[in-house]
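Asker: So the sequence shown is numbered by numbering that gives the first Met the number 0: it starts at 0 and just counts up by one. Glycine included, C-beta positions come from ideal geometry on N, C-alpha and C. Here the structure is a predicted model, which is why all the values come from computation and not from measurement.
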Amino acid sequence: MISSDERGRFFFGLIRLNAAVASWRSRLSGRLSPRALGLAAALAALAFDQAHKFWMLNIFDVAARPPMSLAPFLDVVLSWNYGVSYSLFPAHETLTRLALLTMQGAIIAGLAIWMVRTQSRATAVALGLIIGGALGNAADRITRGAVADFFYLHTSLPVGPLANYVFNVADVFITAGVALLVVEGVFLPQERRAET
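1) What is the C-beta distance between G176 and L99, in whole angstroms, given that I count them as a contact (C-beta under 8 angstroms)?
2) I'd like the list of long-range same chain contacts for L107, defined as Cβ closer than 8 angstroms, with 5 residues on each side in sequence excluded.
3) Measure the alpha-carbon distance for L123 versus F186 and round it to whole angstroms.
4) In whole angstroms, what is the alpha-carbon distance linking N163 and A145?
5) Taking the alpha carbon of K52 as the point to measure from, which residue in R96, V168, R120 and G184 has its own alpha carbon closest?
6) Which whole-angstrom value describes the C-beta separation of L180 and F72, a residue pair presumed to lie in contact below a C-beta threshold of 8 angstroms?
7) Helix, strand or coil: how does DSSP classify F149 here?
8) What residue range does the alpha helix (DSSP H) around M67 cover?
9) Nearest to A41 by CA position, among D148, V75 and A121, is which residue?
10) Which class does F47 belong to by DSSP, given the choice of helix, strand or coil?
11) Can you give me the Cβ contacts of D170 inside the same chain, cut-off strictly under 7 angstroms, excluding the 5 residues immediately before and after it?
12) Quick check: the Cα distance between A111 and L126, rounded to an integer number of angstroms?
13) What is the DSSP secondary structure of S155, reduced to helix, strand or coil?
14) Once DSSP output is grouped into helix, strand and coil, what is the label at F53?
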């Protein structure tokens, strides 16, 4: 069982890193173009994801620990994902993994083109978060052969596929980017989007 002291250090480390990233972003947001903001968001998401994975695998050594309950519906446990979301299209063989990486690279390239062309800061940041998260998972696929997932969301409520979901920090950035795109598209008038 994980001690409450270890659990506290785990949360404190994540909170400190998140506060540092938020402080850095707020200082730069008024001075940077949408393109620069998107690139900064992508690099920050990629760096945070890779640092988190390094810490979880090599320092915290999650593989050697039993599952740790963070909440009644959320556990920390190591899971290797050889496919895409929900382990669809598992790619254990080299050729299949290359095909998956090629498809992922094409999607990232398309998102990068969109990010470079947008005049909206919110869109650029959202796309940067998605790109950074996707690059983090692609880096796992290249270096480890599979994506390292650490968080297990589970519930007995009838919420469809979210009843059992395994994810990592990169997936959080991808989801946040998609949510920001949806919020911007639904709630911001067209003329305001270019200003954000």
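Answerer: Answer, in terms of the structure:
1) G176 to L99, Cβ: 20 angstroms. No contact.
2) The question names Leu, yet the displayed sequence has Ile at residue 107. The residues I130, A133, L134 and A137, in chain order, have a CB closer than 8 angstroms to that of I107 in the same chain once the five nearest residues on each side in sequence are set aside.
3) In the sequence under discussion, the amino acid at residue 123 is Ala, which differs from the Leu named in the question. It is roughly 17 angstroms from the alpha-carbon of A123 to the alpha-carbon of F186.
4) Their Cα atoms are separated by approximately 19 angstroms.
5) The residue with the shortest Cα to Cα distance from K52 is V168.
6) Rounded, the Cβ-Cβ distance is 26 angstroms, inconsistent with contact.
7) Residue state, collapsed to three classes: strand.
8) No alpha helix (DSSP H) contains M67, which is instead part of the beta strand (DSSP E) from M67 to A70.
9) Measuring from the Cα of A41, the nearest candidate turns out to be A121.
10) Three-state DSSP puts F47 in a helix.
11) Cβ neighbours of D170 beyond the five flanking positions: G132.
12) The straight-line gap from Cα to Cα measures roughly 7 angstroms.
13) The answer is coil: DSSP assigns S155 none of H, G, I, E or B.
14) Note: F53 maps to helix in three-state DSSP.
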